[in-house]
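To convert, take the position in the sequence shown, counting from 1, and add 162; that gives the working numbering.
For glycine and all other residues, C-beta sits at the position ideal for the given N, C-alpha and C.
As the structure is a prediction and not an experimental result, all values here were calculated from the model.
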Amino acid sequence: MNLLNLMKAKKSQRYLYLTMIIIVIIGIFLRFVNLDNKVYWHDEIYTTLHINGYGWDQWKTNVFTGKIIGVDTLQYYLHLNPNKTLADTLNILAKDDPHHPPLYYTLVRYWRQFFGDSITIIRSFSAFVSLLILPAISWFSWELFGLHLVGIITIILVAISPFFVLYAQEAREYALWTVFLILSNSSLLRAIKLTKNKVNLQKKDYLFWGIYSLSTMLSLYTSLVSIFVIISQIVYLIFAQGFRITKIIILQGLALLISFITFIPWILVFFGNYEQYETATSWTRESTVSNLLLFQNLGLNLTRIFFDLDWRFYNLLTYLVVFGVLLLVVYALYFLYKNTSPKSWELIFALIIIQLVFLFIPDLLWGGIRSISLRYLTPSVVAIDLAVAYLLSGKLIKHNTNPINIWSVITIMIFSSGVISCTINSQSDTSWSKYISSDLPLVSQIINATNYPLLISNDQSYHPGNIMALSYLLKPDVKLQLLSEEKGYKIPDKFRNIFLLNPSDELRESLENQSGVKAKPIPSDHYIGLWKIELNHINYKISE
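Structure representation (structure tokens):
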């Protein structure tokens with residue numbers, strides 16, 4: 163390489179680093195933009211209820227009484243109650259949602275107590291925590307590859323990933339879990355390097371085994387899906403150590419033993435309330451879709467790591483995007499396999515394959531939708547980002563004397579798609595991840611546009627959570643009548659506009675037979691059915 167080419171390469175490298183810094187700043191900024199803009203959906207409602215110490219039987223029995231109530235009655239349960247303590251939060255989690263360990267809920271409870279009681283505040287916890295993912299993923303990348311450029315590109319991919327930005331703005335545990343699962347893998351790799359080829363270990367050599375044990379324990383206390391990460395690590399080490407019981411295998415076993423011993427309290431809680439866990443998660447096993455739809459959703463989830471405008475397969479461009487991203491990821495994994503040692507690529511492959519084995523394969527064989535939710539595949543997402551970052555850095559280094567090449571164009575396209583996706587999504591009031599609540603903004607607009615409305619609903623399925631979420635969007639003068647028993651129900655008078663939200667067929671037929679009313683459906687999605695009572699069919703006087 164002559165001097166002129168060397169100077170050009172260094173100049174293009176400086177521009178590259180400057181561009182990367184700007185993109186990362188944009189990604190950080192987008193995590194905090196319009197935190198309260200998107201609908202506070204069904205699952206986030208249960209986050210709030212758990213934090214506030216209200217169990218299903220406590221708030222449901224007080225709200226679904228058949229009495230006419232105001233929005234403020236629902237909002238009462240969505241604000242911190244000074245009479246409720248952390249013990250109430252832990253008891254409710256154990257009783258209602260034992261599959262959600264308590265660490266995230268404990269931290270967010272104190273966060274709200276200190277900073278305030280609003281949607282922006284509760285979501286801001288995830289946004290701030292998500293910033294820790296950036297240095298964590300950089301460390302993980304360094305332990306795997308030892309290349310600064312790979313770490314920088316990985317940080318960029320995560321900073322502007324529509325997936326990571328989405329969950330950085332959600333009042334759920336997934337941003338916190340991502341931090342711990344990355345730290346768990348990073349500290350494991352560091353501990354292995356410090357232990358390898360040493361006959362006698364000193365105290366400082368055990369430090370990272372302790373960090374590995376601690377981060378694994380915290381990961382378990384954040385999400386039970388961490389068990390699949392642990393299995394991935396065990397499989398990785400078994401292969402890396404040549405199926406031999408070595409000092410590294412023993413130390414990992416001891417570290418994991420300590421993690422599980424400290425996790426015993428919640429293990430006892432989980433199995434003590436296993437029947438409730440089965441009930442709460444039955445939707446992942448009992449809901450079934452075709453294998454074609456499973457593969458289509460897997461393809462969509464893959465694209466959402468890099469590009470997400472909430473396209474579906476009725477859009478022909480979706481097929482092109484999915485194919486392009488699939489080609490990129492497959493080639494990245496192949497490139498990783500051919501150009502790194504097994505001790506690097508085996509962990510990446512394990513994190514991807516184990517998640518698919520335990521979530522996607524059961525869906526194919528026995529039915530269910532375990533793999534539909536991308537959040538449960540977060541370890542695979544992290545691994546894919548690392549593989550793609552290694553591919554891009556390798557190609558950019560190879561062509562560093564020629565700044566205009568196919569791989570620089572591909573890199574720019576990937577970065578641009580992330581920035582564009584996150585920017586557009588920041589202005590939206592919903593997203594694909596909030597699917598069962600996506601139409602709530604539309605429902606609230608329809609109801610709020612009327613005078614003196616009454617909304618009638620029931621306590622079946624996911625309706626209670628959606629009703630609570632809707633309370634953030636409804637005008638204060640909207641009245642609600644929430645039913646636990648629909649049999650014999652009659653519509654009250656004194657209301658000009660009456661709506662039914664997700665009524666059962668029996669309720670609609672009963673109303674039309676008893677009151678001489680006609681219920682007209684208002685177009686909405688599969689999860690939210692809104693009906694309007696046509697008042698000209700009612701045989702009683704409406705008060706003025």
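Measure the CB-CB distance between residue i and residue j and report whether it falls below 7 Å.
i: A333; j: T443; result: no
i: L382; j: F432; result: no
i: L602; j: F661; result: no
i: L552; j: L498; result: Note that residue 552 is Tyr in the sequence shown here, rather than Leu. Closer than 7 Å, so yes.
i: V532; j: L521; result: Sequence inspection shows Arg at residue 532; the Val mentioned does not correspond to that position. In contact: R532 and L521 (Cβ atoms closer than 7 Å).
i: N628; j: S599; result: yes
i: F287; j: W273; result: yes
i: V320; j: I299; result: yes
i: W371; j: L413; result: yes
i: N659; j: P615; result: yes
i: N214; j: L197; result: no
i: K641; j: N610; result: no
i: T247; j: H212; result: no
i: S579; j: F469; result: yes
i: S595; j: L269; result: no
i: M630; j: L236; result: yes
i: S292; j: R406; result: no
i: L643; j: I230; result: Note on identity: in this sequence residue 643 is Gln, with Leu being the wrong assignment. The answer is yes: Cβ separation under 7 Å.
i: I318; j: V581; result: no
Would you kindly work out how many angstroms separate the C-alpha atoms of residue i and residue j, rounded to a whole number?
i: N701; j: I695; result: Low confidence applies here, because N701 scores a pLDDT of 46, under 50, leaving its location unreliable; read the following figure in that light. Approximately 12 Å, taken between the alpha carbons.
i: L489; j: A549; result: 13 Å
i: L554; j: F307; result: 13 Å
i: V186; j: L343; result: 22 Å
i: I420; j: S375; result: 7 Å
i: S135; j: V391; result: Coverage of the chain is limited to positions 163 through 706, which leaves residue 135 absent and any answer about it impossible.
i: M163; j: W569; result: Because M163 sits at a pLDDT of 47, beneath the cut-off of 50, its placement in the model cannot be relied upon, and the point is left open.
i: V397; j: L356; result: 20 Å
i: L255; j: L495; result: 39 Å
i: T181; j: P683; result: 51 Å
i: L430; j: L536; result: 28 Å
i: I410; j: S280; result: 47 Å
i: M575; j: L311; result: 18 Å
i: Q395; j: G404; result: 14 Å
i: M379; j: V543; result: 21 Å
i: R447; j: A289; result: 31 Å
i: G530; j: Q517; result: 15 Å
i: F485; j: V195; result: 31 Å
i: I704; j: P654; result: Any reading at I704 needs caution, since the residue's pLDDT is 37, under 50, leaving its predicted position unreliable; the model's value is listed next. If I take the Cα positions, the gap works out to 9 Å.
i: I183; j: N562; result: 19 Å
i: K680; j: S619; result: 16 Å
i: F191; j: Y651; result: 51 Å
i: T340; j: P685; result: 38 Å
What does DSSP give as the partner residues of residue i in its beta bridges?
i: W713; result: The structure shown does not extend to residue 713, since the chain is modelled only from 163 through 706, so no value can be given for it.
i: E696; result: K680
i: L642; result: I231 and L617
Is residue i helix, strand or coil by DSSP?
i: K246; result: coil
i: N659; result: strand
i: G278; result: coil
i: I396; result: helix
i: Q403; result: coil
i: S705; result: For S705, the predicted structure reports a pLDDT of 36, less than 50, and the residue's modelled location is therefore unreliable. A value from the coordinates is still provided. Residue state, collapsed to three classes: coil.
i: I467; result: coil
i: K355; result: helix
i: E668; result: helix
i: V484; result: helix
i: N253; result: helix
i: F425; result: coil
i: D472; result: coil
i: G189; result: helix
i: N196; result: coil
i: F226; result: coil
i: D259; result: coil
i: Y267; result: helix
i: T125; result: This structure cannot settle anything about residue 125, because the visible part of the chain is limited to 163 through 706.
i: Y368; result: helix
i: P297; result: helix
i: S288; result: helix
i: Q434; result: Here the sequence assigns Gly to residue 434, which means Gln is not the residue at that position. Note: G434 maps to helix in three-state DSSP.
i: N459; result: helix
i: G217; result: coil
i: S388; result: helix
Is it the case that the CB of residue i approaches a heavy atom of the ligand ZN more closely than 6 Å?
i: K560; result: Among the ligands in the structure shown, none appear at all, so the ligand ZN cannot be discussed.
> Can you list, in chain order, the stretches of the alpha helix (DSSP H) that have 4 or more residues and sit fully within the segment 306 to 349?
Replying inline: 310 to 321 and 324 to 330
>> In chain order, what are the residue ranges of uninterrupted beta strand (DSSP E) at least 3 long that sit wholly in the segment 552 to 631?
In response: 615 to 620
> Taking only runs of the alpha helix (DSSP H) that begin and end inside the segment 514 to 550, which ones reach a length of at least 4 residues, in chain order?
Replying inline: 523 to 528
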